[in-house]
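Down below is the structure, laid out as C-alpha cells.
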Amino acid sequence: MNLKEYQKRVIQEVETYLDRVAALRVEGETRFASMAAWQDLRISGTYTPHTNGIGQDMPNFTIKVPTGGGKTLIATQVLGSIHRTILRDRNGAGLVLWVVPSSQIYRDTLKRLGDRRDLYRIMLEHAVSRRIELWEKSDIHRLTPAKLRDSLNILVIQLASTNRETKEQLKFFRDSGGNIMQHFPPEDDVAAHEQLKQSTPNLGIVTKQGVKTEPPDGERGPWLVATSIGNLVAMCKPAVILDEGHKATSQLARDTIAGFNASVVVELSATPHKGANIISRVSGQELLDEEMIKLPLNIATSGQKSWKDALTQARDKQRALKERADQHAITTDHREMIRPIVLVQVERTGKEQRGNKVRGARVIHSEDVREYLTQRLDVPERAIAVKTSETDDIEGIELLDPECPVEWIITKSALQEGWDCPFAYILCSLNNTGSGQSMTQLIGRILRQPYQKRVPIEELNESYIYCLHRKAGTIAREVKQALEKEGYEGDLEGVITEPGERQQKRTKVARIRDSFSSLYNREFDGKIYLPRFCVVSGHTAEPLDYYRHLLARIDVDAFEYASIDWPLAEELMKAKDRFYRISLGEDLSRQYETEIDLYEPDTQVRAWLAASLPFDYLSFKQLARIVSGVCDHLLQSELRLKDQLALVKFVVRDHIEAFVRQQLDEQTKKAFVDLYDAGRVQFYLKCTECRFEIPPEIEVRATRRLRNDEDEEFKKSLFDYVDESEFNEYEKVVAICFDDDANILWWYRNLVGADNFAIQGYRREKIYPDFVVKDDANGRELHRVIVVETKGDHLAGSLDTEYKTSIAKYFERVGKRVTWQQLGEEFKDHQFRFQVIQETGDHGRDWRDELRGLLAAKD
Numbered sequence: 092m093n094l095k096e097y098q099k100r101v102i103q104e105v106e107t108y109l110d111r112v113a114a115l116r117v118e119g120e121t122r123f124a125s126m127a128a129w130q131d132l133r134i135s136g137t138y139t140p141h142t143n144g145i146g147q148d149m150p151n152f153t154i155k156v157p158t159g160g161g162k163t164l165i166a167t168q169v170l171g172s173i174h175r176t177i178l179r180d181r182n183g184a185g186l187v188l189w190v191v192p193s194s195q196i197y198r199d200t201l202k203r204l205g206d207r208r209d210l211y212r213i214m215l216e217h218a219v220s221r222r223i224e225l226w227e228k229s230d231i232h233r234l235t236p237a238k239l240r241d242s243l244n245i246l247v248i249q250l251a252s253t254n255r256e257t258k259e260q261l262k263f264f265r266d267s268g269g270n271i272m273q274h275f276p277p278e279d280d281v282a283a284h285e286q287l288k289q290s291t292p293n294l295g296i297v298t299k300q301g302v303k304t305e306p307p308d309g310e311r312g313p314w315l316v317a318t319s320i321g322n323l324v325a326m327c328k329p330a331v332i333l334d335e336g337h338k339a340t341s342q343l344a345r346d347t348i349a350g351f352n353a354s355v356v357v358e359l360s361a362t363p364h365k366g367a368n369i370i371s372r373v374s375g376q377e378l379l380d381e382e383m384i385k386l387p388l389n390i391a392t393s394g395q396k397s398w399k400d401a402l403t404q405a406r407d408k409q410r411a412l413k414e415r416a417d418q419h420a421i422t423t424d425h426r427e428m429i430r431p432i433v434l435v436q437v438e439r440t441g442k443e444q445r446g447n448k449v450r451g452a453r454v455i456h457s458e459d460v461r462e463y464l465t466q467r468l469d470v471p472e473r474a475i476a477v478k479t480s481e482t483d484d485i486e487g488i489e490l491l492d493p494e495c496p497v498e499w500i501i502t503k504s505a506l507q508e509g510w511d512c513p514f515a516y517i518l519c520s521l522n523n524t525g526s527g528q529s530m531t532q533l534i535g536r537i538l539r540q541p542y543q544k545r546v547p548i549e550e551l552n553e554s555y556i557y558c559l560h561r562k563a564g565t566i567a568r569e570v571k572q573a574l575e576k577e578g579y580e581g582d583l584e585g586v587i588t589e590p591g592e593r594q595q596k597r598t599k600v601a602r603i604r605d606s607f608s609s610l611y612n613r614e615f616d617g618k619i620y621l622p623r624f625c626v627v628s629g630h631t632a633e634p635l636d637y638y639r640h641l642l643a644r645i646d647v648d649a650f651e652y653a654s655i656d657w658p659l660a661e662e663l664m665k666a667k668d669r670f671y672r673i674s675l676g677e678d679l680s681r682q683y684e685t686e687i688d689l690y691e692p693d694t695q696v697r698a699w700l701a702a703s704l705p706f707d708y709l710s711f712k713q714l715a716r717i718v719s720g721v722c723d724h725l726l727q728s729e730l731r732l733k734d735q736l737a738l739v740k741f742v743v744r745d746h747i748e749a750f751v752r753q754q755l756d757e758q759t760k761k762a763f764v765d766l767y768d769a770g771r772v773q774f775y776l777k778c779t780e781c782r783f784e785i786p787p788e789i790e791v792r793a794t795r796r797l798r799n800d801e802d803e804e805f806k807k808s809l810f811d812y813v814d815e816s817e818f819n820e821y822e823k824v825v826a827i828c829f830d831d832d833a834n835i836l837w838w839y840r841n842l843v844g845a846d847n848f849a850i851q852g853y854r855r856e857k858i859y860p861d862f863v864v865k866d867d868a869n870g871r872e873l874h875r876v877i878v879v880e881t882k883g884d885h886l887a888g889s890l891d892t893e894y895k896t897s898i899a900k901y902f903e904r905v906g907k908r909v910t911w912q913q914l915g916e917e918f919k920d921h922q923f924r925f926q927v928i929q930e931t932g933d934h935g936r937d938w939r940d941e942l943r944g945l946l947a948a949k950d
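Under this note's numbering, think of the first position of the sequence shown as 92, with each following residue one higher.
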C-alpha cells in the first residue's frame, strides 16, 4: 500500500521535528527539548510545553487530518518515526498506548491492527521492524517481560476507561496477579519496591485503603508497588496515540494521560482543540486531489411532505448508481466492485416507540422504513440492515465483501462516529422533528472514496443527500457546518452542489457582450477569429505542427558536441567520496577509507542514459546516437572518466537533458525560420484548422467578479463576466489599463487549456497569451487585434521570455504581410500583432508607457 503524497509530507514533518528533539537531548537539553525543537524549526503557532507524570519533558503535538484522510495509517507510520528518533534506544519494542474515544472506533482499531493480513498492520510492522502484539485491558495482564522486550505491544483502550475520578476502583489500577507480576519486584523485596517507587514516584502503592499514589495520613510502611496495569503502563513510559484528540480536553483526561508517564503524545484530530500544538495540517483539497473522498456532495430535497417520496427518490438514485457501478465492474473484470449503500436516518428506533407522535405527527420509525422498502419499493429484505443501540444487523458483517447483500442501513445516530464504509454513497434523512444537527453528524460517513481511487464514471465519485421537508439552501448551510466539524473548514468552495451542478468548482457561463457581438454581422456573423501559424504548400494550408514540420527536420548528428564543456572532474571527486566506506571508532573519528572496486561498465551506463532521457518524441536510435556523441566527446576531453562514467551518470544525464533541449531549440528554430523565409509560414483564416474562433460563450470559474480600482465592473471586457481568480496582481493592473484606454474597443482574458487560443512556435510547448485586445479604429487606417503576453519582473530576461518575444516578432511580421481581402471587404485593413509586455520594459521604461504607445500607434 503506497502512502499518499500528503501522508508522506505529514510523516516527514513529524520525523524532522522528533529528530530535532532527539538531537537537543543528546546535546544536554532535556527539560525543554520539545519546545526548543519547535522554535528551531519555526513551526507555525506557539508551542505549549507539557510534562508527564514524573516531570519529564513530553512532546505533545497534533496532526490535523480531515475525516477520510487515513488517521490510523498515519499513526502507524508516526510510530515508526518515534522509534527511529526519540525512542531509538528501544529498538522498536516496548509499549504503546492507543487511546480511542468511542466503542465503534475501539472495535475498528482492534480489527485493523489485530489482523495480520491487514495492510495497516503490515505497514506498522514494517515501520517499526518488530513483531506487533495487540492487547486489550482485559488481557494485558498476560504480557510477559519477554514480549515487552522483543515486540511492540499496543494496548488499545477507550478514554472513558482511564479518566474517571474514582479510578482507584477501576480494574485498570487495581492490584492484580498473572504474568504482570513478572514486571515487578518480588513481594518480599521491600528495598526493590522502594527503589522502583523512587525512580517512578507516581506509581500506585498498596495501602489499607486500596491503591494510592501517596501513603495515607497516619499509615506506616513499608508499601509495595501495586502490580496493576496502570503501574505497568507508567513504568513503560509509552508512546501515546490519542485518536480524536479534541475529545480529550478535560483536565482529568489530560492528567490521566500524563500520569501514564508518556514519552510522547501524538494527537490525531479533524478539529483540534484550542491550544493544540498543530505540527502538520492536511487540507480537504489534498484529500480530494489524492482521490480519498467523494466530492462534491449533491443535496436534494423531496419537495413533498411525505417521507415515502423522499425514500423513493433515494431508492431511484441508489439503483441508478448501482447500474453505473455494475458497468464499472465489467470494465475492471470485477476487481473493483462497488455496491452503493444508502444510510437512512429515522426519528425513532426503539421497539416501544413505533406509533408515537410528536406535535401531533407520527414519528418515522425504523420498522416503518423497513416495511415500505420491502413492500412498496421492491427492496429485498436481506439488503436491509438496522443499526441501533438495541439492534445491530451489521455486527460482524464485512460490508466490502462482494457477496454481502446489504444496500440499505437504517439508523438514528448509531453511525455518527467511527463507522467507516466507502460504499456509503447516499444519506437519506427523514428526521422531521427537530434541527438538522443529527443529520449533519452523519455527513462524514458518506465521504470516503471506494478503493481510494476515482473512476471514469463521475456519479460514482460524488455523494448524495436527500432530506425530508426541508429547503436545499438550509441543508447546504448545515452541511457546510458539518463538514467544518469533519475538518474541512476553508476547503468548502465548490464542495457542495445542488442537483445538476457537477463541477467540483463553482462555475458559470460568460457570454460575449451584446454590444460587441453586434459588430460582427457580415460574412463572419457574430464570430471573432484569431490566427494560428499555418504552413502553405501550393494551394493548401495546414496548421504548423511541431512534429511534422519542425522536429522531423532535425539531425542529431549535427548537434554541436564540440561545444560541450562540463566541469566533471570535480563531480568525479565528489562522486568517489560518496562511494567511500568509512569505519568509525569509539571516538567517532575516521579510521580508514576503502574505495568501492565495482562499477557499472561504460557500455551499460550509456544504455541507461539513453533509456532515462525524457524525450519520448525522439526514437531510441536517435537518443543512443546523442548519448554516443556526448560520451565520446567527454572521454576525449576528460580521460579520467574512462571506466568511471557510472560515478557521475546522474550528473551527466542532467547535462545531456539540458544539452538536448538547447540543440533541439536551435534546430527547430532554424527549421521554422527557413519555412518563414520561404514564405510558407502564413495566416490563413479560411482554413478552419488554421484559426481559433473565440466562442460566443465560455464556462469560467465563479468565485468573485474582477473589479477595477474604483470597485466598478469592467466595461470593455469582451465577455460579460471576468473572474478575479484567473489573474495575478500584475495581470489585474494590465486589465485595468486596457479597460481605461480610449483606444481599446474590447479585451479578452485568454486562459491555458485545449479550448483556448494557443500559438505553436518552434518549441514543443504551445504559447497561451494572456490577453487579446481589439483596438477602436478611431481614425486609423488599420484595424488591429493585438495578442498580449505579460511578464513580471521576476521573469525578466529568462529564456522563456526571450523565446516568446522571438515568436511575437514573427507573429507580427506574418500578421502585417497577410492579404486580408480574401476574407471579405470588411477585413482588408485588419492586422494582427503579438506583443510581450514586461513589468519593467527596456532601459527601465515603465510597461504602462510601452502599452500606451502600442495602443496609440497609427500603424
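Just so you know, even glycine gets a beta-carbon here, dropped at the ideal spot from N, CA and C.
Please report how far the alpha carbon of Cys495 lies from the alpha carbon of Gln444, in whole angstroms. Numbered from 1 along the sequence shown, position 404 holds the residue referred to as residue 495. Numbered from 1 along the sequence shown, position 353 holds the residue referred to as residue 444. Taking the straight line from one Cα to the other gives about 30 Å.
Please return the same chain residues whose Cβ sits closer than 8 Å to the Cβ of Ile747, not counting the five positions on each side in sequence. For the purposes of this step, residue 747 is taken as the residue at position 656 of the sequence shown. Contacts found: Leu700, Leu704, Ile717, Val718, Val721.
So, Thr403 versus Leu468, is the Cβ gap smaller than 9 Å? Position 312 of the sequence shown, counted from the start, is the residue given in the question as residue 403. Position 377 of the sequence shown, counted from the start, is the residue given in the question as residue 468. Yes.
Taking DSSP as the reference, what is the three-state secondary structure of Gln735? Along the sequence shown, read from residue 1 onward, the residue named residue 735 stands at position 644. Of the three classes helix, strand and coil, the one that applies to Gln735 here is coil, per DSSP.
How big is the Cα-Cα spacing for Gly591 and Tyr812? Taking the first residue of the sequence shown as position 1, residue 591 is located at position 500. Taking the first residue of the sequence shown as position 1, residue 812 is located at position 721. Any reading at Gly591 must be qualified, since the residue scores a pLDDT of 43, below 50, and its modelled position is unreliable; the value itself is stated next. Rounded to whole angstroms, Gly591 to Tyr812 spans 21 Å at the Cα level.
Could you say which of Ile517, Leu766, Ile548, Arg604 lies nearest to Arg639 if we only look at CA atoms? As a working note, residue 639 is residue 548 in the sequence shown. Of the candidates Ile517, Leu766, Ile548, Arg604, the one whose C-alpha sits nearest the C-alpha of Arg639 is Leu766.
Leu538 vs Ile384 beta-carbon contact at 9 Å: Against the sequence shown, residue 538 aligns to sequence position 447. Against the sequence shown, residue 384 aligns to sequence position 293. Yes, these two residues count as a Cβ contact at 9 Å.
Just to confirm my understanding: we take Glu104, look at its own chain, exclude 5 residues before and 5 after, and list those with CB closer than 7 Å. What are they? Residue 104 sits at position 13 when you count from the first residue of the sequence shown. Cβ within range, chain order: Ile370, Ser371.
Quick check on Val546: does DSSP put it in helix, strand or coil? In the sequence shown, the residue the question calls residue 546 occupies position 455. Reduced to three states, the DSSP call for Val546 is coil.
Secondary structure of Phe750, DSSP reduced to three states: Along the sequence shown, one-based indexing puts residue 750 at 659. Phe750 falls in the helix class under three-state DSSP.
Using the beta-carbon count (16 or more within 10 Å), is Leu378 buried or exposed? Here the question's residue 378 lines up with position 287 in the sequence shown. It is buried - the Cβ of Leu378 has at least 16 other Cβ atoms within 10 Å.
Backbone secondary structure at His217 - three-state DSSP: Here residue 217 is taken as the residue at index 126 of the sequence shown, counted from 1. His217: helix per DSSP, three-state reduction.
DSSP three-state label for Leu109, please. For the purposes of this step, residue 109 is taken as residue 18 along the sequence shown, with counting starting at 1. DSSP places Leu109 in helix when its eight states are reduced to three.
Do Ile145 and Asn352 have their beta-carbon atoms positioned less than 9 Å apart in this structure? In the sequence shown, counting from the first residue as 1, residue 352 sits at position 261. In the sequence shown, counting from the first residue as 1, residue 145 sits at position 54. Yes. Within cutoff.
On a CA-only basis, which of Lys228, Val356, Asp131, Phe818 is nearest Pro860? Give me that one, please. Residue 860 sits at position 769 when you count from the first residue of the sequence shown. Cα-wise, what sits closest to Pro860 is Phe818.
What does the alpha-carbon distance come out to for the pair Ala601 and Val449? For the purposes of this step, residue 601 is taken as residue 510 along the sequence shown, with counting starting at 1. For the purposes of this step, residue 449 is taken as residue 358 along the sequence shown, with counting starting at 1. About 49 Å.
Return the residue from the list Cys512, Asp511, Leu533 that minimises the CA-CA distance to Leu521. Against the sequence shown, residue 521 aligns to sequence position 430. When each option's Cα is compared against that of Leu521, the closest is Leu533.
Length-filtered (3 minimum) beta strand (DSSP E) runs lying within the segment 277-315: 296-298, 301-303
Quick check on this structure: which residue in His456, Glu381, His217 has the alpha carbon closest to the alpha carbon of Val546? On the sequence shown, position 455 is the one that residue 546 refers to. With distances taken between Cα atoms, Val546 lies closest to Glu381.
Could you give the distance in angstroms between the alpha-carbon of Thr779 and the alpha-carbon of Val627? By 1-based counting over the sequence shown, the position of residue 779 is 688. By 1-based counting over the sequence shown, the position of residue 627 is 536. Those two C-alpha atoms are separated by around 14 Å.
Using the three-state DSSP reduction, which class does Leu621 fall into: helix, strand or coil? Taking the first residue of the sequence shown as position 1, residue 621 is located at position 530. Strand, per DSSP.
Over the uninterrupted beta strand (DSSP E) stretch that includes Arg602, give me the two end residues. Working through the sequence shown from its first residue, we reach residue 602 at position 511. Here the beta strand (DSSP E) through Arg602 covers 598-602.
Determine contact between the segment 354-361 and the segment 301-319, defined as no fewer than three beta-carbon pairs at a distance below 8 Å. no
Please report how far the alpha carbon of Leu333 lies from the alpha carbon of Val470, in whole angstroms. In the sequence shown, the residue the question calls residue 333 occupies position 242. In the sequence shown, the residue the question calls residue 470 occupies position 379. In a straight line, the C-alpha of Leu333 is about 41 Å away from that of Val470.
With distance defined between alpha-carbon atoms, name the residue in Ser504, Phe650, Lys806 nearest to Ser606. Here the question's residue 606 lines up with position 515 in the sequence shown. Closest option to Ser606, Cα to Cα, is Lys806.
Use the C-beta contact count for Arg240: other C-beta atoms within 10 angstroms, 16 or more gives buried, fewer gives exposed. Residue 240 sits at position 149 when you count from the first residue of the sequence shown. With fewer than 16 other Cβ atoms within 10 Å, it is exposed.
What's the gap between the Cα of Asp407 and the Cα of Glu458? Here residue 407 is taken as the residue at index 316 of the sequence shown, counted from 1. Here residue 458 is taken as the residue at index 367 of the sequence shown, counted from 1. C-alpha separation (whole angstroms): 20 Å.
Using DSSP with H/G/I as helix, E/B as strand and the rest coil, what is Glu941? For the purposes of this step, residue 941 is taken as residue 850 along the sequence shown, with counting starting at 1. Three-state result, Glu941: helix.
Figure out for me which residue from Gly159, Ser290, Leu94, Trp129 has the closest Cα to the Cα of Tyr576. Taking the first residue of the sequence shown as position 1, residue 576 is located at position 485. The displayed chain sequence assigns Lys, not Tyr, to residue 576. Closest by alpha carbon: Gly159.
Please state whether the Cβ-Cβ distance between Val878 and Arg943 is less than 9 Å. Position 787 of the sequence shown holds residue 878. Position 852 of the sequence shown holds residue 943. No.
Buried or exposed by the 16-neighbour rule on C-beta atoms within 10 Å, applied to Ala361: The residue given as residue 361 occupies position 270 in the sequence shown. It is buried - the Cβ of Ala361 has at least 16 other Cβ atoms within 10 Å.
What are the boundary residues of the alpha helix (DSSP H) that includes Pro236? Here residue 236 refers to the residue found at position 145 of the sequence shown. 236-241 is the extent of the alpha helix (DSSP H) around Pro236.
Alpha carbon of Ala416 to alpha carbon of Glu549, nearest angstrom: Your numbering for residue 416 matches position 325 in the sequence shown. Your numbering for residue 549 matches position 458 in the sequence shown. Approximately 11 Å, taken between the alpha carbons.
Using a Cβ-Cβ cutoff of less than 8 Å, which residues in the same chain neighbour Thr588 once the five nearest sequence positions on both sides are dropped? Translated into positions along the sequence shown, residue 588 becomes position 497. Per-residue confidence for Thr588 stands at a pLDDT of 48, beneath the threshold of 50, marking its modelled position as unreliable; the derived number appears in the next sentence. Cβ within range, chain order: Pro387, Leu388, Asn389, Ile390, Gln594.
Measuring straight from C-alpha to C-alpha, what distance separates Ala367 and Thr759? Stepping through the sequence shown from its first residue, residue 367 is reached at position 276. Stepping through the sequence shown from its first residue, residue 759 is reached at position 668. If I take the Cα positions, the gap works out to 58 Å.
Beta-carbon separation of Asn244 and Glu216 under 9 Å? Translated into positions along the sequence shown, residue 244 becomes position 153. Translated into positions along the sequence shown, residue 216 becomes position 125. Not closer than 9 Å, so no.
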